[in-house]
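Residue numbers (my numbering): 132 to 501.
Below you can see the structure in the form of structure tokens.
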């Protein structure tokens with residue numbers, strides 16, 4: 132058979148991209164990034180070699196319809212792709228915000244902490260948070276209490292006044308220590324450098340939905356729940372127990388601003404009308420508290436006043452040794468130099484001494500007559 136002119140060999144078959152292909156179930160080799168690739172391949176039927184580039188091209192297309200994505204779908208898919216770049220340290224709850232309890236806590240105190248924290252799981256530790264032993268789930272606590280209070284149905288039926296729902300709550304000892312209940316579950320321990328998508332896959336595989344972030348020396352850095360990871364894809368998830376109150380900046384009648392240290396820098400800048408710039412460190416700081424700590428190089432003390440952006444200064448209203456909590460932002464006040472302040476303090480102290488009443492003279496001893 133004669134080949135066509137200008138042909139150097141048999142014609143190559145055309146390359147067809149993005150056709151559905153059989154997708155195997157994930158296995159141990161497809162955990163982590165492979166797990167994400169498997170999920171997207173299963174969703175779109177795309178070949179693994181081109182999936183990321185093809186999906187990014189599709190997301191850049193603004194056309195909606197049968198072959199396009201809605202804005203919400205685009206956002207979620209971009210977040211999925213971005214999850215590959217996220218580390219556990221980027222999504223964790225910092226150590227200072229961890230709500231945890233000791234192993235010797237009583238059931239009464241444990242229930243109180245669950246009620247105030249609004250969490251379904253709590254970290255359990257020994258002496259300090261650097262000595263974690265596991266976690267406790269509110270569902271396990273309720274099941275334990277119901278089992279203790281349950282009365283035999285036949286015995287309850289013979290009672291003159293049966294217990295409601297067959298539960299004798301008097302049988303529950305609220306003074307019992309958590310360590311004596313066998314309710315403490317296992318906890319995942321992960322490094323801050325672990326990819327967030329790998330942790331999500333590990334949580335699904337182990338069915339343990341809470342992970343403690345530990346540094347190279349075994350110290351506790353933070354905490355990550357499966358909800359924290361899912362929120363990186365779908366956005367903030369608020370349930371019926373979440374407070375509607377968000378970190379905010381509130382203008383006061385005197386023109387100053389009271390701010391939560393967790394308030395986002397963008398929100399603060401929009402309210403006070405000044406950008407809070409940090410130069411090279413700007414990408415790593417998201418909150419007003421982080422801005423302040425980065426600016427002074429340490430955690431400022433309560434009552435400390437630090438120069439802020441523009442003509443503003445920032446006063447620390449509430450803080451502990453690990454973090455700042457509440458701040459006041461106001462116009463910068465003229466203050467005398469340190470030497471002048473010291474001289475003024477001495478003058479004030481001297482004036483107070485002069486105006487202070489003189490102590491009574493000691494009584495004159497009687498003179499003896501020979």
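Ideal placement from N, C-alpha and C gives every residue a C-beta, glycine not left out.
Ranked by Cα distance from residue 252, the options 232, 258, 239, 237 are led by 232. Here the alpha carbons of residue 274 and residue 280 stand approximately 10 Å from one another.
Checking the DSSP bridge columns, you'll see residue 237 partnered with 308. In the same chain as residue 431, and ignoring 5 residues on each side of it, the C-beta atoms closer than 7 Å to its own belong to 423, 437, 447, 450, 455, in chain order. A check of alpha carbon separations from residue 245 across 229, 260, 426 identifies 229 as the nearest. A buried status is given to residue 343, since no fewer than 16 other beta-carbon atoms sit within 10 Å of its beta-carbon. In the DSSP assignment, residue 284 falls within the unbroken alpha helix (DSSP H) covering 284–289. Under the 10 Å beta carbon count, residue 418 is surrounded by 16 or more other beta carbons and is classified as buried. Between the region 288–298 and the region 256–272, the count of C-beta pairs closer than 8 Å stays below three; the two stretches do not touch. For a cut-off of 8 Å, the C-beta gap from residue 223 to residue 353 is around 3 Å, short enough to register as a contact. For residue 214 against residue 328, the beta-carbon gap comes to about 5 Å, under 8 Å, which counts as contact. For a cut-off of 8 Å, the C-beta gap from residue 390 to residue 458 is around 5 Å, short enough to register as a contact. Looking at 350, 242, 442, the one whose alpha-carbon comes closest to that of residue 258 is 350. When Cβ pairs closer than 8 Å are counted between the two stretches, the region 305–313 is seen not to touch the region 323–340, the count staying below three. The three-state reading of DSSP puts residue 438 in strand, counting E and B together. Distance from the Cα of residue 242 is smallest, within the candidate group 325, 301, 267, 464, for 267. Residue 452 and residue 386 have their C-alpha atoms some 29 Å from each other. CA-CA distance, residue 341 to residue 208, rounds to 24 Å. Around the beta carbon of residue 368, fewer than 16 other beta carbons lie within 10 angstroms, which makes this residue exposed. Counting only residues of its own chain and dropping the five nearest sequence neighbours on each side, residue 435 has a CB closer than 7 Å to the CB of 447. Here residue 286 is exposed: its Cβ has fewer than 16 other Cβ atoms, across all protein chains shown, within 10 Å.
The beta-bridge partner set that DSSP reports for residue 418 consists of 395. Within its own chain, the residues whose Cβ lies closer than 8 Å to the Cβ of residue 321, once the five positions on either side in sequence are excluded, are 219, 330, 333, 342, 343, 344, 345, 355, listed in chain order. Look at residue 319 here: in three-state DSSP terms it is strand. Per the coordinates, the alpha-carbon of residue 315 lies some 36 Å from the alpha-carbon of residue 429. Put simply, the backbone Cα of residue 312 is about 17 Å away from that of residue 318.
Residue 380 and residue 283 have their alpha carbons spaced roughly 57 Å apart. For a cut-off of 8 Å, the C-beta gap from residue 238 to residue 212 is around 45 Å, too long to register as a contact.
Here DSSP, grouped into helix, strand and coil, assigns residue 339 to coil.
Judged by DSSP secondary structure, residue 301 falls outside any alpha helix (DSSP H); it is assigned neither H nor E. Residue 326 has its alpha-carbon roughly 6 Å from the corresponding atom of residue 217. For the 8 Å CB-CB criterion, residue 407 and residue 440 form a contact.
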